[in-house]
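> Heads up: the sequence lines are chains S and H, in that order. Heads up: the first sequence at position 54 corresponds to 54 in the UniProt record's numbering, and the numbers run straight through without jumps. Heads up: the second sequence at position 259 corresponds to 259 in the UniProt record's numbering, and the numbers run straight through without jumps. Cβ coordinates follow ideal geometry from the N, Cα and C atoms, glycine included. The following block contains the structure, expressed as structure tokens.
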Amino acid sequence: MTSLLDPVADGAGPVRLAAESVSLAYDDRVVVRDLDLQLTEGSLTVIVGPNGCGKSTLLRALGRLLRPARGQVTLDGRAIQQTPTREVAKVLGLLPQAPVAPEGLTVADLVARGRHPHQTWLRQWSRSDESAVAEALAWTDLTELADRPVDELSGGQRQRAWISMALAQGTDLLLLDEPTTYLDLSHQIDVLDLVERLHTERGRTVVVVLHDLNLAARYAQRLVAMKDGVLVASGTPAEVLTEDLLAEVFELEARVVPDPVAGTPMVVPVRRLR
Amino acid sequence: MSTTAPERPGTRGRAVVRLGPASGRLRWRQVLVPATVAVAVVLLGAVGLGRGDFPIGVGDVLRTLVGLGEDRQRFIVLELRAPRIVVGALVGLALGLAGALFQTFARNPLASPDVLGITQGASVGAVAAIVLGGTSGVGGLLGGLGVPLAALAGALATGLLLFVLAWRAGIDGYRLVLVGIALWAVASALTDWLLTRAEVFDATAAYVWITGSLNARTWDQAVPLAASLAVLVPAALATSRSLGVLQFGDDTARGLGVRLVRAQTGVVLIAVGLTAAAVAAAGPIAFVALIVPQIAVRLTGGSRPPLLTSGLLGAALVIGADLLTRTVLPTALPVGILTAAVGAPYLLWLLVRGRRSTS
Ligand SMILES: Nc1ncnc2c1ncn2[C@@H]1O[C@H](COP(=O)(O)OP(=O)(O)OP(=O)(O)O)[C@@H](O)[C@H]1O
Ligand SMILES: [Mg+2]
Chain S
1 MTSLLDPVAD
11 GAGPVRLAAE
21 SVSLAYDDRV
31 VVRDLDLQLT
41 EGSLTVIVGP
51 NGCGKSTLLR
61 ALGRLLRPAR
71 GQVTLDGRAI
81 QQTPTREVAK
91 VLGLLPQAPV
101 APEGLTVADL
111 VARGRHPHQT
121 WLRQWSRSDE
131 SAVAEALAWT
141 DLTELADRPV
151 DELSGGQRQR
161 AWISMALAQG
171 TDLLLLDEPT
181 TYLDLSHQID
191 VLDLVERLHT
201 ERGRTVVVVL
211 HDLNLAARYA
221 QRLVAMKDGV
231 LVASGTPAEV
241 LTEDLLAEVF
251 ELEARVVPDP
261 VAGTPMVVPV
271 RRLR
Chain H
1 MSTTAPERPG
11 TRGRAVVRLG
21 PASGRLRWRQ
31 VLVPATVAVA
41 VVLLGAVGLG
51 RGDFPIGVGD
61 VLRTLVGLGE
71 DRQRFIVLEL
81 RAPRIVVGAL
91 VGLALGLAGA
101 LFQTFARNPL
111 ASPDVLGITQ
121 GASVGAVAAI
131 VLGGTSGVGG
141 LLGGLGVPLA
151 ALAGALATGL
161 LLFVLAWRAG
171 IDGYRLVLVG
181 IALWAVASAL
191 TDWLLTRAEV
201 FDATAAYVWI
211 TGSLNARTWD
221 QAVPLAASLA
231 VLVPAALATS
241 RSLGVLQFGD
251 DTARGLGVRL
261 VRAQTGVVLI
271 AVGLTAAAVA
281 AAGPIAFVAL
291 IVPQIAVRLT
301 GGSRPPLLTS
311 GLLGAALVIG
321 ADLLTRTVLP
331 TALPVGILTA
341 AVGAPYLLWL
351 LVRGRRSTS
């Protein structure tokens, strides 16, 4: 499987964001070990792996929220830790796994906060802020709910509001940590269609953490599998989602059959291996 | 200047203002409420100049203000009442702002200088100065500083301790509240211990100070307070933009380009400074910083205590309460007793109601 570990798996385009032999730790506990990953311009990467394997931790490091214990993350060839937060925030948006909104904040205000990196003390609400927010609301189908407090929305609507905020930030790169949690299947498809449109129509570089392997296979241009803080496989969904890999990474005995709709691999679980 | 009518989604009740390179959004309630409260502050202050043990008519007050009054009226209005009202207003402003800063920052309506032990720290300093003044050693040193400076030192020291103990690669709001409550307990115990050692006369003076009072405030307190607020209030208002983002979790805030550690440090230090300045001037007037921001946010709407409105409302509350104690109530109680009488039940209500954002 070594060829799948080749960091430049998706070829085309310049590398925007890269992890170079990155080790990540909380205090002294190492969570991610010696990981290499390159994200090229306009790619759509999906990261999968069992709970606690370090997906969110990796995403936080890629977004400059966590300083690597060893190695470095580069953004457009420049060490991200040396780049000012604000500059990073103009090109890279990150949706954390469980964001919290202050009580009473309306959807429109939440989305407007996404403009923060573009605003200054003097210029607090420019025309481009206004249009970016309106557009982000429209893309996530939230225009109707704009004046509702975020804490009074359903879990799925709330999730969309956060995605909308990340969109309003207007960044080339988007890191989304489990954007489909809480969503029913049709809204999951909605969100992933949105992500795909961002990628195809807007040329955004997107990284998404997902738990649903079948949806991951359906939408990923490139699939990355992690286990215990190590990158185990990387490549097209068909290359990565094999019965062997499912046994190794998820300890799951499963059949992999072609998805009758998209032709991508589809995982049919048999039983848990112990 | 162009003011566009609300037409876009999410613009209900607001106006967009653009002037050259400057632009911003205003919610009408965020303009109207502070304007109304500011008028109330001025009115309360004006009434306060005339009312008291020697009522003075409006005409005489005005004449005195432009320098035409008799000597006795001049003394009462300009030397007794005016500094008292100015100190009261500034103290309220500082406490309201400090409360709003702490509460927004910690994402917790309980976070206020009273609950975080900073005002109790000031009490330790002041009581030590009163009780130990004239003795040798640290106590004598504190006594030599005078009560206001000792209170200032106590508040700043506690604030710094709070900052250092709550620090762990940045400040977590929840941790800040826990550490603050512990500091509050320690400082209260220290104050009690000092009081048990005090002479009766000193103990009485110390009790009055601990209650927070505007009695016998002169321009000597008003001037340094005004000078420090001239720096701290603009600094506090300037944090408004980053506070709006700090309200979110740390990850979200940093993802939006906020330099977290710098922003947090700034907010906490400004809030500590405001509290210390207020407490040094009038003692720990209880609960103003706790209740005012929560009332303000209910008046203006929105998701966080508005800074300016909180400050103005604090000013109105303190001089209003002081006016009540001077006129309606039979004995001139220290103003802190009145604010505590209002604030303590409010605190209970807040705890019982258990806001969702604190869980
Ligand atoms: N703030 C933290 N402090 C200490 N340890 C942490 C912290 N956050 C995560 N961890 C630990 O790091 C490991 C990886 O966590 P991470 O959140 O990256 O997993 P994940 O792959 O995103 O899991 P999930 O699928 O459940 O979201 C876990 O063992 C977790 O306990
Ligand atoms: Mg996670």
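Give me, in chain order, the residues of the same chain whose beta-carbon lies closer than 6 Å to that of residue 124 of chain H; leave out the 5 immediate sequence neighbours on both sides.
154, 187, 190, 191, listed in sequence order.
> Starting from the Cα of residue 35 of chain H, find the closest Cα among H/275, H/106, H/348, H/300 and give me that residue.
If we check each option's Cα against that of residue 35 of chain H, H/300 comes out closest.
> Suppose you measure from the CA of residue 333 of chain H to the CA of residue 341 of chain H; what does that come to, to the nearest Å?
Rounded to whole angstroms, residue 333 of chain H to residue 341 of chain H spans 12 Å at the Cα level.
> Does the beta-carbon of residue 185 of chain S have 16 or more other beta-carbons within 10 angstroms, so that it is buried, or is it exposed?
Its Cβ having fewer than 16 others within 10 Å, residue 185 of chain S is exposed.
> Give a yes or no on whether 8 Å exceeds the smallest Cβ distance from residue 221 of chain H to chain S.
No, because no Cβ of chain S sits closer than 8 Å to the Cβ of residue 221 of chain H.
> Does residue 154 of chain S have its Cβ less than 8 Å from a Cβ in chain H?
No, residue 154 of chain S lies away from the interface with chain H (no Cβ there is under 8 Å from its Cβ).
> If residue 264 of chain S and residue 217 of chain S are in contact, beta carbons under 8 Å, what's the gap, nearest whole angstrom?
The Cβ separation is near 4 Å, so the contact holds.
> Can you round the beta-carbon distance between residue 183 of chain H and residue 117 of chain H to whole angstroms, since I take them to be within the 8 Å contact cut?
With 8 Å as the limit, residue 183 of chain H and residue 117 of chain H qualify as a contact, their Cβ atoms being about 3 Å apart.
> Taking 7 Å as the cut-off, is the beta-carbon of residue 224 of chain S closer than that to any non-hydrogen atom of ligand 1?
False, no ligand heavy atom lies under 7 Å from that Cβ.
> How many Å lie between residue 151 of chain H and residue 115 of chain H at the Cα?
Going by the C-alpha atoms only, they are around 17 Å apart.
> Who are the neighbours of residue 89 of chain S on chain H, taking C-beta pairs under 9 Å?
Residues of chain H passing the Cβ test: 254, 255, 256, 257, 258.
> Would residue 179 of chain S pass as an interface residue toward chain H - the criterion being a Cβ-Cβ separation below 8 Å?
False, the Cβ-Cβ gap to chain H never drops below 8 Å.
> Can you list, in chain order, the residues of its chain with a C-beta nearer than 7 Å to that of residue 49 of chain H? Leave out the 5 residues immediately preceding and following it.
Within the same chain, residue 49 of chain H has close Cβ partners 61, 77, 81, 82, 85.
> Can you give the Cα-Cα distance for residue 52 of chain H and residue 167 of chain H, rounded to whole angstroms?
Their Cα atoms are separated by approximately 47 Å.
> Should residue 248 of chain H be flagged as near chain S, meaning a C-beta pair shorter than 8 Å?
True, the Cβ-Cβ gap to chain S drops below 8 Å.
> Return no unless some Cβ of chain H is closer than 8 Å to the Cβ of residue 187 of chain S.
Not an interface residue.
> Along the region 27 to 60 of chain S, what residues have a CB closer than 9 Å to any CB found in chain H?
Those residues of the region 27 to 60 of chain S that come within reach of chain H (Cβ to Cβ, closer than 9 Å) are 60.
> Per the DSSP calculation, residue 225 of chain S is bridged to which residue(s)?
DSSP lists S/48, S/233 as partners of residue 225 of chain S.
> Run through chain S and tell me which residues come within less than 7 Å of residue 21 of chain H, C-beta to C-beta.
Those are 122, 123, listed as they occur along chain S.
> Name the chain H residues that come within less than 7 Å of residue 86 of chain S, Cβ to Cβ?
Ordered by position in chain H, the residues that pass the 7 Å Cβ test against residue 86 of chain S are 257.
> If you scan the region 173 to 261 of chain H from start to end, which runs of the beta strand (DSSP E) of 3 or more residues do you find wholly inside it?
With a minimum length of 3 residues, no continuous beta strand (DSSP E) run stays inside the region 173 to 261 of chain H.
> Taking the C-alpha atoms as reference points, what is the distance between residue 112 of chain H and residue 289 of chain H?
In a straight line, the C-alpha of residue 112 of chain H is about 6 Å away from that of residue 289 of chain H.
> What do you reckon, are the CB atoms on residue 183 of chain S and residue 191 of chain S nearer than 8 Å?
Taking 8 Å as the Cβ cut-off, residue 183 of chain S and residue 191 of chain S qualify as a contacting pair.
> Quick check on residue 66 of chain H: buried or exposed, where buried means 16 or more other Cβ atoms within 10 Å of its Cβ?
Exposed, because fewer than 16 other Cβ atoms sit within 10 Å of the Cβ of residue 66 of chain H.
> Can you give me the C-alpha to C-alpha distance between residue 250 of chain S and residue 55 of chain S, rounded to a whole angstrom?
Straight-line Cα distance between these residues: approximately 14 Å.
> So, under 8 Å CB-CB, residue 292 of chain H and residue 313 of chain H are touching, yes? Tell me the CB distance rounded to an integer number of Å.
Between residue 313 of chain H and residue 292 of chain H the Cβ distance is about 5 Å, and since that is below 8 Å, they are a contact.
> Could you list which residues in chain H have their beta carbon closer than 9 Å to that of residue 109 of chain S, in chain order?
Simply 10, 244, 302, 303.
> Ignore the nearest five residues each way along the sequence and tell me which others in residue 90 of chain H's own chain have a CB closer than 8 Å to its CB.
For residue 90 of chain H, where only same-chain residues beyond five positions count, the Cβ hits under 8 Å are 222, 225, 226, 229, 278, 281, 315.
> Using a Cβ-Cβ cut-off of 6 Å (strictly less than) and excluding sequence neighbours within five positions of residue 99 of chain S, which residues of its own chain qualify?
The residues are 162.
> Residues with a Cβ closer than 6 Å to any heavy atom of ligand 1, in chain order?
Ordered along the chain, the selected set is S/26, S/31, S/49, S/51, S/52, S/53, S/54, S/55, S/56, S/57, S/97.
> Below 8 Å on the Cβ atoms is my guess for residue 195 of chain H versus residue 185 of chain H; work out the distance and round it to an integer in Å.
With a Cβ gap of about 16 Å, residue 195 of chain H and residue 185 of chain H do not count as contacting.
> Could you say if the region 241 to 255 of chain H and the region 92 to 111 of chain H meet the contact criterion of at least three C-beta pairs nearer than 8 Å?
Contact between the region 241 to 255 of chain H and the region 92 to 111 of chain H is present, because at least three Cβ pairs lie under 8 Å.
> Is the beta carbon of residue 252 of chain S closer than 8 Å to that of residue 223 of chain S?
Their beta carbons are not under 8 Å apart, which means residue 223 of chain S does not touch residue 252 of chain S by this criterion.
> Looking at ligand 2, does it come within less than 7 Å of residue 212 of chain S, judged from the CB to the closest heavy atom?
Result no, Cβ not under 7 Å from ligand 2.
> Does ligand 2 have a heavy atom nearer than 7 Å to the CB of residue 251 of chain H?
No - ligand 2 has no heavy atom lying nearer than 7 Å to the Cβ of residue 251 of chain H.
> Tell me the start and end of each unbroken alpha helix (DSSP H) in the region 279 to 326 of chain H that is at least 4 residues and wholly inside, in chain order.
288 to 300, all fully within the region 279 to 326 of chain H.
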